[in-house]
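Q: Every number in our numbering is 5 more than the matching position in the sequence shown, counting from 1. We put the CB at the ideal spot given by N, CA and C, even for glycine.
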Amino acid sequence: MLRRQSARESAARTYARALPIVPVRARGMTIEGADGQRYLDCLSGAGTLALGHNHPVVLEAIRSVLDSGAPLHVLDLATPVKDAFTTELFRTLPPAFADRARIQFCGPAGTDAVEAALKLVRTATGREGLLAFTGAYHGMTAGALEASGGARDVRVTRLPYPQDYRCPFGIGGPDGAELAARWTENLLDDSKSGVPDPAAMILEPVQGEGGVLPAPDAWLRRMRDITAARGIPLIADEVQTGVGRTGAFWAVEHSGIVPDVLVLSKAIGGSLPLAVVVYHDDLDVWPPGAHAGTFRGNQLAMAAGAATLAYVRENRLAERAATLGARMLTGLRSLAVDHPCVGDVRGRGLMLGLELVDLERAQPAPPTRHLDSLTPPPTYGPTTDPAGPPKAPQYQHPHPHRHNHPQRHQPHSLPDTRPHPPAPELAAAVQRECLRRGLIVELGGRHSSVVRLLPPLTITDEQATAVLDRLADALTAAERSHRRTTDGRLAPDHP
Ligand code: PLP
Numbered sequence: 006m007l008r009r010q011s012a013r014e015s016a017a018r019t020y021a022r023a024l025p026i027v028p029v030r031a032r033g034m035t036i037e038g039a040d041g042q043r044y045l046d047c048l049s050g051a052g053t054l055a056l057g058h059n060h061p062v063v064l065e066a067i068r069s070v071l072d073s074g075a076p077l078h079v080l081d082l083a084t085p086v087k088d089a090f091t092t093e094l095f096r097t098l099p100p101a102f103a104d105r106a107r108i109q110f111c112g113p114a115g116t117d118a119v120e121a122a123l124k125l126v127r128t129a130t131g132r133e134g135l136l137a138f139t140g141a142y143h144g145m146t147a148g149a150l151e152a153s154g155g156a157r158d159v160r161v162t163r164l165p166y167p168q169d170y171r172c173p174f175g176i177g178g179p180d181g182a183e184l185a186a187r188w189t190e191n192l193l194d195d196s197k198s199g200v201p202d203p204a205a206m207i208l209e210p211v212q213g214e215g216g217v218l219p220a221p222d223a224w225l226r227r228m229r230d231i232t233a234a235r236g237i238p239l240i241a242d243e244v245q246t247g248v249g250r251t252g253a254f255w256a257v258e259h260s261g262i263v264p265d266v267l268v269l270s271k272a273i274g275g276s277l278p279l280a281v282v283v284y285h286d287d288l289d290v291w292p293p294g295a296h297a298g299t300f301r302g303n304q305l306a307m308a309a310g311a312a313t314l315a316y317v318r319e320n321r322l323a324e325r326a327a328t329l330g331a332r333m334l335t336g337l338r339s340l341a342v343d344h345p346c347v348g349d350v351r352g353r354g355l356m357l358g359l360e361l362v363d364l365e366r367a368q369p370a371p372p373t374r375h376l377d378s379l380t381p382p383p384t385y386g387p388t389t390d391p392a393g394p395p396k397a398p399q400y401q402h403p404h405p406h407r408h409n410h411p412q413r414h415q416p417h418s419l420p421d422t423r424p425h426p427p428a429p430e431l432a433a434a435v436q437r438e439c440l441r442r443g444l445i446v447e448l449g450g451r452h453s454s455v456v457r458l459l460p461p462l463t464i465t466d467e468q469a470t471a472v473l474d475r476l477a478d479a480l481t482a483a484e485r486s487h488r489r490t491t492d493g494r495l496a497p498d499h500p
């Protein structure tokens with residue numbers, strides 16, 4: 006089957022390349038291959054399977070629709086199944102948002118809901134431009150791709166997304182996030198910045214594909230304030246972060262912001278395709294048929310999704326994701342102590358990542374920079390703090406003297422905090438070694454050097470321990486299997 010697949014399927018196939026398995030059965034976190042091998046699944050359909058594979062409440066919901074004789078395809082007509090889904094979804098939304106919310110059912114993929122959101126705000130504002138972030142991922146259709154980090158679209162203004170480890174300003178922490186916010190503010194207020202008034206800002210509360218980068222809550226609040234003050238709708242893309250994944254039902258709840266538009270997909274369909282855009286009713290000025298599509302009424306997905314949303318809510322799985330995620334983050338940090346090739350460990354809830362770096366290759370020395378003194382850079386080394394992982398960075402406004410002109414102060418050189426270069430080959434080797442040990446992990450990040458863990462929210466303590474054990478073994482094996490080539494680059498033993 007694998008041979009036939011590679012002979013017949015597109016060169017653009019993705020997961021199938023790194024994960025040459027043939028799943029035939031699955032339950033919870035476990036997948037069984039055609040060869041009888043069992044795997045713990047930390048990919049979860051790219052973050053779709055909040056309850057793991059074939060959860061009983063999901064199967065029951067699907068069966069009851071099938072047994073009821075209800076139509077399976079109804080375009081966007083009203084049905085009891087859709088009504089129940091919408092009721093359950095609105096019940097989970099932050100009340101301040103739900104009170105004035107409208108929902109549009111979209112084509113079945115997250116990317117289609119992103120397209121709908123962009124069309125919605127462009128229609129409502131009469132403006133074209135978009136503010137989006139470095140490292141963003143919003144999907145594969147034209148508009149969503151434009152908003153994603155790899156694009157070069159003139160309508161999109163690219164803004165710095167805050168990150169500690171590879172902070173574009175070299176300082177990380179609250180100061181790095183503050184500089185990113187000021188950059189945004191300045192671009193919008195400078196009449197000669199070349200940035201036209203935008204139709205919206207689109208952001209992910211945690212960048213997933215970008216390499217598991219949680220936005221600081223305070224920075225998100227800054228983005229909300231900046232956009233609100235300038236009449237710019239804020240779109241939160243919660244396709245991957247939604248339904249408890251980050252330790253809150255919706256990731257925007259961590260910061261308390263209320264976006265104007267929420268883009269939702271993946272977990273809301275309970276493992277079946279479903280995507281919606283939910284937005285403030287002030288924006289609801291697009292005409293009938295503005296975002297149509299044949300497949301916007303998937304009854305099975307709505308039933309499976311409603312059952313999933315209700316199960317996550319009733320069983321407080323978001324809280325569970327927060328506690329277990331914090332424990333796993335601590336475990337990953339202590340794992341990093343034994344594996345210096347782990348440059349950074351980060352995450353929020355059960356959205357976790359390890360960035361692998363090439364220790365042999367240092368970044369070239371930076372030129373001496375004379376800038377105002379900034380607070381000391383954070384230390385990035387692994388921590389074994391028994392109190393658990395640090396809290397999400399709290400935003401603090403910098404000291405007042407920092408508002409003065411830097412060049413009028415005694416200049417200081419910024420310490421070079423630049424991390425080692427990413428190690429994509431090593432990350433791929435870790436993924437292979439994980440698979441050999443019965444663990445499915447995903448790679449992500451700008452250079453595919455971040456090993457990502459997206460376990461279902463139903464993962465047990467024992468399974469979490471098994472994941473960490475297998476990952477530790479895989480790291481040891483991958484490090485060993487790498488040898489140095491003559492040009493000093495890391496190269497895998499296996500082609
Ligand atoms: N937005 C985010 C944040 C995503 O992570 C993804 C997919 O990973 C998408 C949008 C696109 O969703 P889909 O692959 O269903 O089109």
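(1) Sort A297, G216 and M206 by Cα distance to P264 and report the nearest one.
(2) Any idea what DSSP makes of A241, helix, strand or coil?
(3) Of the choices E258, R226 and L71, whose alpha-carbon is the least far from that of F102?
(4) Specify the secondary structure class of D88 as computed by DSSP and reduced to three states.
(5) Taking only three categories from DSSP, how would you classify P307?
(6) Give the DSSP-derived three-state secondary structure of A226 in the structure shown.
(7) Verify whether the separation of the beta carbon atoms of H143 and V119 is less than 8 Å.
(8) Less than 7 Å between the CB of G450 and some heavy atom of the ligand PLP, yes or no?
(9) Would you kindly check if the distance between the Cβ of H425 and the Cβ of G358 is under 8 Å?
(10) Which stretch, first to last residue, makes up the beta strand (DSSP E) that contains A280?
(11) State the start and end residues of the unbroken alpha helix (DSSP H) segment that holds I67.
(12) For P25, which option in Q436, A477 and A471 has the closest C-alpha, if you only look at C-alpha atoms?
(13) With H, G and I counted as helix, E and B as strand and the rest as coil, what does DSSP make of Q436?
(14) What would DSSP say about R127, mapped onto helix, strand or coil?
(15) Can we count H143 as close to the ligand NAD, meaning its CB is less than 7 Å from some heavy atom?
(16) Can you list, in chain order, the stretches of the alpha helix (DSSP H) that have 4 or more residues and sit fully within the segment 422-474?
(17) Please list the terminal residues of the continuous beta strand (DSSP E) segment that includes D180.
(18) Within a Cβ cutoff of 8 Å, which residues of the same chain sit near Q42, ignoring the five residues on either side of it in sequence?
(19) Counting C-beta neighbours from all protein chains within 10 Å, is the total for L77 16 or more, i.e. buried, or is it exposed?
(20) For the alpha helix (DSSP H) that Y2 lies in, which residues bound it at each end?
(21) Would you check if the distance between the CB atom of Y166 and the CB atom of T139 is smaller than 8 Å?
(22) Could you have a look at V211 and say whether DSSP puts it in helix, strand or coil?
(23) Go ahead and label N191 buried or exposed: buried means 16 or more other beta carbons lie within 10 angstroms of its beta carbon, across all protein chains shown.
(24) Kindly indicate the opening and closing residues of the alpha helix (DSSP H) around A51.
(25) Can you tell me where the beta strand (DSSP E) with V29 in it begins and where it stops?
(26) At a threshold of 7 Å, does A51 count as lining the ligand PLP (C-beta to nearest heavy atom)?
(27) If we count the other Cβ atoms within 10 Å of its Cβ and call it buried at 16 or more, is G199 buried or exposed?
(28) Which same chain residues, not among the five before or five after S49, have their C-beta less than 6 Å away from its C-beta?
(29) Let me confirm a value: L7 is counted as buried when at least 16 other C-beta atoms fall within 10 Å, else exposed. Which label applies?
(30) Would you say the beta carbon of A245 comes nearer than 7 Å to a heavy atom of the ligand PLP?
(31) With respect to 7 Å, is the separation between the Cβ of D242 and the closest non-hydrogen atom of the ligand PLP below this value?
(32) In chain order, what residues of the same chain have a beta carbon less than 8 Å from the beta carbon of V161, not counting five sequence neighbours either side?
(33) So what does DSSP say about P173, is it helix, strand or coil?
(34) Can you tell me the Cβ-Cβ gap for P252 and A315, rounded? I've got them flagged as a contact below 8 Å.
(35) How is E510 classed by DSSP in three states: helix, strand or coil?
A: Per the coordinate set shown:
(1) As a working mapping, residue 264 is identified with position 259 in the sequence shown. The shortest C-alpha separation from P264 is found at M206.
(2) Taking the first residue of the sequence shown as 1, we reach residue 241 at position 236. In the structure shown, A241 sits in a strand (DSSP, three-state: E or B).
(3) The residue labelled residue 102 in the question sits at position 97 within the sequence shown. Of E258, R226 and L71, the residue nearest in Cα terms is E258.
(4) Working through the sequence shown from its first residue, we reach residue 88 at position 83. Looking at D88 - three-state DSSP - the assignment turns out to be helix.
(5) Here residue 307 refers to the residue found at position 302 of the sequence shown. As written in the sequence, residue 307 is Met, which differs from the Pro given in the question. In the three-state reduction of the DSSP assignment, M307 falls in the helix class.
(6) In the sequence shown, the residue the question calls residue 226 occupies position 221. Contrary to the premise, residue 226 reads as Arg rather than Ala in this sequence. In the structure shown, R226 sits in a helix (DSSP, three-state: H, G or I).
(7) Numbered from 1 along the sequence shown, position 138 holds the residue referred to as residue 143. Numbered from 1 along the sequence shown, position 114 holds the residue referred to as residue 119. A contact, by the Cβ cut-off of 8 Å.
(8) Taking the sequence shown and counting its residues from 1, the one referred to as residue 450 is at position 445. Every heavy atom of the ligand PLP is 7 Å or more from the Cβ of G450, so no.
(9) In the sequence shown, the residue the question calls residue 358 occupies position 353. In the sequence shown, the residue the question calls residue 425 occupies position 420. Not a contact, by the Cβ cut-off of 8 Å.
(10) What you label residue 280 is simply residue 275 of the sequence shown in a count that begins at 1. Secondary structure note for A280: it is in no beta strand (DSSP E), with a DSSP letter that is neither H nor E.
(11) As a working mapping, residue 67 is identified with position 62 in the sequence shown. Looking at the DSSP string, the run of the alpha helix (DSSP H) that includes I67 is P61 to S73.
(12) Against the sequence shown, residue 25 aligns to sequence position 20. It is Q436 whose Cα lies nearest to the Cα of P25.
(13) Taking the first residue of the sequence shown as position 1, residue 436 is located at position 431. Helix.
(14) Taking the first residue of the sequence shown as position 1, residue 127 is located at position 122. Correct three-state label for R127: helix.
(15) Here the bound small molecules are the ligand PLP; the ligand NAD is not part of this structure.
(16) 429-441
(17) On the sequence shown, position 175 is the one that residue 180 refers to. No beta strand (DSSP E) contains D180, which is instead part of the alpha helix (DSSP H) from G178 to D194.
(18) The residue you call residue 42 lines up with position 37 of the sequence shown. Here the set comprises I26 and G443.
(19) Walking along the sequence shown from the start, residue 77 turns up at place 72. With fewer than 16 Cβ atoms within 10 Å of its Cβ, L77 is classed as exposed.
(20) The structure shown does not extend to residue 2, since the chain is modelled only from 6 to 500, so the question has no answer here.
(21) Looking up residue 166 in the sequence shown gives position 161. Looking up residue 139 in the sequence shown gives position 134. Yes, they are a contact pair.
(22) In the sequence shown, counting from the first residue as 1, residue 211 sits at position 206. Three-state result, V211: strand.
(23) Within the sequence shown, numbered from 1, the residue matching residue 191 stands at position 186. Looking at its Cβ environment, which holds fewer than 16 other Cβ atoms inside 10 Å, N191 is exposed.
(24) In the sequence shown, residue 51 corresponds to position 46, counting from 1. First-last of the alpha helix (DSSP H) with A51: S49 to G52.
(25) The sequence position of residue 29 within the sequence shown is 24, counting from 1. Its beta strand (DSSP E) spans residues P28 to R32.
(26) Here residue 51 is taken as the residue at index 46 of the sequence shown, counted from 1. Checking the Cβ of A51 against the ligand PLP gives yes.
(27) Your numbering for residue 199 matches position 194 in the sequence shown. That one is exposed.
(28) Here the question's residue 49 lines up with position 44 in the sequence shown. Once the five neighbours on either side are set aside, the close Cβ partners of S49 are L459 and P461.
(29) Taking the first residue of the sequence shown as 1, we reach residue 7 at position 2. So L7 ends up on the exposed side.
(30) On the sequence shown, residue 245 is found 240 positions in, with the first residue counted as 1. The sequence given here has Gln at residue 245, not Ala. The answer is yes for Q245.
(31) Position 237 of the sequence shown holds residue 242. Because some heavy atom of the ligand PLP lies under 7 Å away, the Cβ of D242 counts as near it: yes.
(32) As a first step, residue 161 must be located in the sequence shown, where it is residue number 156. Closer than 8 Å at Cβ, skipping near neighbours: G134, L135, L136, A137, E151 and A152.
(33) One-based indexing of the sequence shown puts residue 173 at position 168. Coil.
(34) Position 247 of the sequence shown holds residue 252. Position 310 of the sequence shown holds residue 315. Here the sequence assigns Gly to residue 252, which means Pro is not the residue at that position. With 8 Å as the limit, G252 and A315 do not qualify as a contact, their Cβ atoms being about 19 Å apart.
(35) Given a span of 6 to 500 for the chain in the structure shown, any question on residue 510 remains unanswerable.
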